[in-house]
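First the structure, in the form of structure tokens, and then the observations on it.
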Amino acid sequence: MATAGKVIRCKAAVAWAPGKPLSVEEVEVAPPKAGEVRIKIVATGICHTDDHILKGSLPNVEFPVIPGHEGAGIVESIGQGVTSVKPGDKVIPLCLPQCGECSFCQNPESNYCQKTHFSEPQNLLPDKTSRFSCKGKQIHHFLWVSTFAEYTVVPEYAVAKIDAAAPLDKVCLIGCGFSTGYGAALNTAKVKPGSTCAVFGLGGVGLSVVMGCKAAGAARIIAVDINSNKFAKAKELGATDCINPRDFKKPIQEVLTEMTGQGVDYSFEAIGHTDTMIAALASCNTNTGVCVMVGVLDSEISIDPVLLLTGRTWKGTMLGGWKTRECIPKLVSSYLEGKFNSDLLITHTLPFAKVNEGFELLRAGKSIRTVLLF
Ligand code: COD
Ligand code: ZN
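For the sequence shown, the numbering used here assigns the number 5 to the initial residue and increments by one for each residue that follows.
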């Protein structure tokens, strides 16, 4: 490889400070150190979580930073000791790693690897240094993956090797949005055949929840969004009913309870607002209802404990509960076998230089997923 062992100069979108648009810059990407992999990112989706970074509303993010966490690419070079991938392999960088060694990784019931730094100050690689610099300044990584860069460096245990036949401009969604939503239904809620579900928020993540509920055999899937333009796609993906809270005077949890008699079996919150989290919890049935929180808040939430006292379960999910290194390649294979069609989530494809346009589309509610191509 001509570039192996050398610093690569390439394009990346840098968030210099909260509240500012991304700036497409030429950055330097250092070679991978021992146990690391340098990836040439080919395609990356725009997820709402990246917008939370730009607004400064995601905790534990340090600026300047290169966001992006829904990418797919090709290994350019590997550091010493890396054995599971080699240059030329198609890969998905993992925003939730799977080290395979920590007690959470060894627990078959969980996927939250203790090596992740989702819940602590982060933005550097495990050795506490960055591989990115721009204009003489160190730039932070995001969740180690920073897919808004043409080349990125990640630890080996945050890379999943995928089928060589996978179209990278499509399977990048399996790096976050699709897997998060689909797995929230299948793994976290464990939706049963014949059940009733409610999905709050019909972005890329919420619509993937709809797909997961359908795949699990739910009989009724009620999709909830304040943007009725999302309903056609929700129906196409499996929603049986679509409701807009703005069309009702009473709280949406009361509407859902009336529609279903006693509340839904499973509810999902894929928005990230306090009021919709409480509404989702209250709309699942008071006895055995399960509510899965997919969105994240930048504030605390208080609830009436009686909501849980009678038997409801309130859960969270990270990347849909998939053990990432193991399951992401399997999801890619299932995609190639036509077991689900995540392409239906891609509404726009743009050249990387138009990254800010992609965010405008998301904020205006006009896109589900925009895929950026390098
Ligand atoms: N009631 C109903 N629908 C609403 C409301 C409301 N009050 N407010 C907004 N919505 C709808 C919007 O119209 C939109 O259709 C949808 O909610 C949100 O969709 P997107 O496309 O903006 O967002 P997604 O699907 O890309 O991401 C949603 C998340 C909840 C995952 C994201 O915002 C988040 O909270 N991320 C942090 C949590 C996390 O890390 N998740 C893991 C993977 S990123
Ligand atoms: Zn995401």
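Ideal Cβ positions, reconstructed from N, Cα and C, are used throughout, including at glycine.
Range of the contiguous beta strand (DSSP E) that encloses residue i
i: Thr151; result: It is not in any beta strand (DSSP E) - Thr151 carries neither H nor E in the DSSP assignment.
i: Ala17; result: 12–18
i: Gly320; result: 317–320
i: His56; result: It is not in any beta strand (DSSP E) - His56 instead sits in the alpha helix (DSSP H) that spans 52–59.
i: Phe204; result: 200–204
i: Phe136; result: 136–138
i: Lys196; result: Segment: none, Lys196 is in no beta strand (DSSP E) and carries neither H nor E.
Buried versus exposed, by CB contacts within 10 Å (16 or more), residue i
i: Gly310; result: In the sequence as presented, Gly is not what sits at residue 310; that position holds Val. By the 10 Å Cβ count, Val310 comes out exposed.
i: Ser371; result: buried
i: Gln102; result: buried
i: Arg13; result: exposed
i: Thr48; result: buried
i: Ile45; result: buried
i: Val298; result: buried
i: Ser107; result: exposed
i: Gln257; result: buried
i: Gly242; result: buried
i: Phe146; result: buried
i: Asn115; result: buried
i: Asn127; result: buried
i: Lys196; result: exposed
Beta-ladder partner(s) of residue i, from DSSP
i: Ile82; result: Val41
i: Asp245; result: Ile226
i: Ile275; result: Its beta-bridge partners do not exist; DSSP assigns none.
i: Thr120; result: Note: Thr120 sits in no beta bridge, so no partner.
i: Leu377; result: Ala47, Pro355
i: Met297; result: Glu273, Gly320
i: Gln142; result: Ser137
i: Glu30; result: Lys15
i: Lys94; result: Ile78
i: Ser159; result: Looking at the sequence itself, residue 159 is Pro, so the reference to Ser does not match. Answer is Glu40.
Residue i: CB within 6 Å of a non-hydrogen atom of the ligand COD
i: Lys234; result: yes
i: Asn231; result: yes
i: Ile401; result: Because the chain in this structure spans residues 5 to 378, residue 401 falls outside the shown range and cannot be described.
i: Val213; result: no
i: Val300; result: yes
i: Ala274; result: yes
i: Thr184; result: yes
i: Gly369; result: yes
i: Leu2; result: What the structure shows of the chain is the stretch from 5 to 378, and residue 2 is not part of that stretch, so it cannot be assessed.
i: Thr280; result: yes
i: Val2; result: No information on residue 2 is available, as it lies outside the stretch 5 to 378 that the chain covers here.
i: Val86; result: no
i: Val209; result: yes
Residue-chain proximity (residue i, chain D), Cβ-Cβ < 7 Å
i: Val28; result: Any reference to chain D falls outside this structure, which holds one protein chain only.
N-terminal and C-terminal residue of the alpha helix (DSSP H) that residue i is part of
i: Gly207; result: No alpha helix (DSSP H) contains Gly207, which DSSP labels as neither H nor E.
i: Gln110; result: 107–110
i: Ser183; result: 181–187
Quick one, what's near the ligand ZN if you take every residue whose CB is closer than 6 Å to any heavy atom, in chain order? Cys51, Thr53, His73, Glu74, Cys180, Gly181
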